[in-house]
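In terms of the numbering used here, the sequence shown opens at residue 80 and continues consecutively. We put the CB at the ideal spot given by N, CA and C, even for glycine. Notes to accompany the following structure.
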Amino acid sequence: MAAAENVSLRSQLKNREKELNELKDAAETFDAEKSMAVNGAKYKTVKTTEAELLGLPAPSFEYERQVPGDEEVKKTLEPAADDPPAN
Numbered sequence: 080m081a082a083a084e085n086v087s088l089r090s091q092l093k094n095r096e097k098e099l100n101e102l103k104d105a106a107e108t109f110d111a112e113k114s115m116a117v118n119g120a121k122y123k124t125v126k127t128t129e130a131e132l133l134g135l136p137a138p139s140f141e142y143e144r145q146v147p148g149d150e151e152v153k154k155t156l157e158p159a160a161d162d163p164p165a166n
């Protein structure tokens, strides 16, 4: 009985460790995306203010690169272990 319980507890521990690692990865990704979004907003503010001060039309950020959302990230293929490096 103790051996079966030990196996069960080890399995639960591995699952918790996996969940913890996934949460850590999500937190790191969130921090990076948040920084990119804040820096992008600052950039747009500076460029818009600069244009106003110079009497120029406000810039269009229509073609600026965006921070990828969850859907775009999911669509990105992960490299396989046997794929050669890009460079």
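Anticipated Cβ contact below 8 Å, residue i with residue j, distance rounded
i, j, result
"proline 138", "lysine 126", "5 Å"
"lysine 123", "phenylalanine 140", "6 Å"
Simplified DSSP state of residue i, which is helix, strand or coil
i, result
"serine 90", "helix"
"serine 139", "coil"
"arginine 144", "coil"
"glycine 134", "coil"
"methionine 80", "coil"
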